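Undergrad: Protein chains in written order, with the working numbering: chain A, 111 to 322; chain H, 49 to 256.
1. At least one CB of chain H closer than 8 Å to the CB of residue 132 of chain A: is that the case?
2. Can we count residue 85 of chain H as close to the ligand HEM, meaning its CB is less than 7 Å from some heavy atom?
3. With residue 266 of chain A as the anchor, note down where its beta strand (DSSP E) starts and where it stops.
4. Hey, out of A:133, A:275, A:141, A:150, whose CA is closest to residue 191 of chain H's CA?
5. Restricting to Cα atoms, I'd like to know which of A:318, A:150, A:138, A:284 is closest to residue 256 of chain A.
6. Grouping DSSP H, G and I as helix and E and B as strand, with all else coil, what is residue 159 of chain A?
7. Whole-angstrom Cβ separation of residue 212 of chain H and residue 252 of chain H, contact assumed at under 8 Å?
8. For chain A, check one thing: does any of its Cβ atoms lie closer than 8 Å to the Cβ of residue 153 of chain H?
9. For residue 107 of chain H, tell me which candidate among H:90, H:159, H:168 has the shortest Cα-Cα distance.
10. Are the Cβ atoms of residue 95 of chain H and residue 193 of chain H separated by less than 8 Å?
11. Chain A beta carbons: is any one of them nearer than 8 Å to that of residue 203 of chain H?
12. Quick one: using the 10 Å Cβ neighbour count with 16 as the cut-off for buried, is residue 131 of chain A buried or exposed?
13. Is there a Cβ of chain A sitting closer than 8 Å to that of residue 143 of chain H, yes or no?
14. Beta-carbon of residue 102 of chain H versus every beta-carbon of chain A: anything under 8 Å?
15. Put residue 236 of chain A into one of helix, strand or coil per three-state DSSP.
16. Listing by chain order, which chain H residues have their CB less than 7 Å from the CB of residue 313 of chain A?
17. Please classify residue 178 of chain H as buried or exposed, where buried requires at least 16 other C-beta atoms within 10 Å of its C-beta.
18. Would you list the residues sitting across from residue 198 of chain H in a DSSP beta bridge?
Encoded structure:
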């Protein structure tokens with residue numbers, strides 16, 4: 111081996127040093143699967159709840175400040191999956207919102223990116239008449255009895271379970287006793303998106319055995 | 049990261065100096081400098097246990113006797129691992145189902161010493177020991193999130209190697225080494241706990 115060859119090796123090593131410092135992995139393959147996060151109020155007695163109410167549509171969160179609903183067949187399949195899982199867990203669906211023990215609200219983040227923190231006001235507060243505390247009863251704002259830090263990005267589905275038995279006297283807030291955040295639902299294949307969404311909802315209930 | 053930028057500057061300066069003075073017997077009298085690429089294999093580490101070549105080692109030494117040299121070193125390495133989708137039961141009743149990519153970044157630095165034989169021949173074998181501190185960062189990448197924990201620990205690494213000088217009068221040659229390393233770094237992330245880091249590896253580089 112000549113000194114010239116070793117010089118070439120030295121240059122190659124320099125290139126390696128420049129390229130290989132702290133290596134971040136490629137994250138492209140992470141988007142080939144969904145993410146399901148669930149959390150709940152550990153003080154909630156889910157056995158004490160009997161009935162639940164689910165609206166027939168899903169709120170779409172996008173860059174449009176108008177309230178948009180998702181009501182087509184795919185939305186109905188998603189709502190039906192939630193209903194089936196709630197019934198499997200022992201709850202009974204009711205069409206009477208005022209009489210329900212629990213309220214289920216489904217929201218799909220289509221475009222915007224939001225961040226929700228424990229002390230932050232509820233981010234879709236300004237969406238009129240839908241998924242606001244006023245839609246469910248006479249509450250002043252929301253209340254998470256547990257720590258919440260989420261980043262909501264495009265292609266996310268949110269399902270929240272509300273305790274409609276909570277006191278509605280002046281100044282009281284409506285508590286969220288269970289929620290799930292489902293991410294990674296956007297691909298170029300629409301049927302795959304729907305299949306992923308259904309699987310992810312089933313997973314959300316599977317990893318929440320305390321609901322039974 | 050600031051430290052890795054400094055390493056790059058030092059490496060560049062050292063290489064340019066070496067390239068500019070190929071005919072000189074030794075750039076620094078009674079001393080040596082090694083710049084190595086390294087392949088690192090984690091041992092007994094379940095967080096990111098795949099071997100990788102994402103690392104470098106830089107060291108120098110002053111010969112206090114013809115056979116014994118002492119000097120500083122710094123190296124860095126990243127090991128990665130893919131984690132298939134799994135459900136993690138987190139604290140306070142929450143649960144997370146996701147696939148992940150794990151990464152362990154190690155940055156040890158300190159003092160290195162070596163004892164060598166055949167110091168005027170083409171092949172110059174040696175045994176060495178590195179002692180110092182080590183910074184480690186344990187990261188989990190999932191969805192659009194990077195979550196990490198980091199720590200400092202004590203670092204120790206015995207080494208067996210050989211310097212190869214095709215023309216000993218030029219004092220510019222190759223370097224090969226096998227090493228084992230142990231660091232007391234620990235961390236916790238999601239449901240994972242890491243206690244101590246052990247590695248085995250190979251270094252290939254230049255010596256002058």
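For every residue, glycine included, the Cβ atom is placed at its ideal position computed from N, Cα and C. Note that the structure is predicted; figures quoted are calculated from it, not measured.
TA: From the atom records:
1. So, interface residue.
2. Because no ligand of any kind appears in the structure shown, any question about the ligand HEM cannot be addressed here.
3. 266-273 is the extent of the beta strand (DSSP E) around residue 266 of chain A.
4. Selected option, being the one with the closest Cα: A:141.
5. Per the Cα distances, A:150.
6. Coil.
7. Residue 212 of chain H to residue 252 of chain H, Cβ: 11 Å. No contact.
8. Closer than 8 Å to some Cβ of chain A, the Cβ of residue 153 of chain H qualifies, so yes.
9. Its Cα nearest to that of residue 107 of chain H, the residue H:159 stands out among H:90, H:159, H:168.
10. If you check the CB distance, residue 95 of chain H and residue 193 of chain H do not come in under 8 Å.
11. No Cβ of chain A is located within less than 8 Å of the beta carbon of residue 203 of chain H.
12. Burial call: buried.
13. Chain A, which has a Cβ nearer than 8 Å to the Cβ of residue 143 of chain H, makes this yes.
14. Output row for residue 102 of chain H: interface = yes.
15. Its pLDDT being 48, under 50, residue 236 of chain A is placed unreliably in this model, and the value from its coordinates should be taken loosely. DSSP places residue 236 of chain A in coil when its eight states are reduced to three.
16. Going along chain H in sequence order, the residues near residue 313 of chain A (Cβ under 7 Å) are 145.
17. When all chains shown are included, residue 178 of chain H counts as buried.
18. Its beta-bridge partners are H:185.
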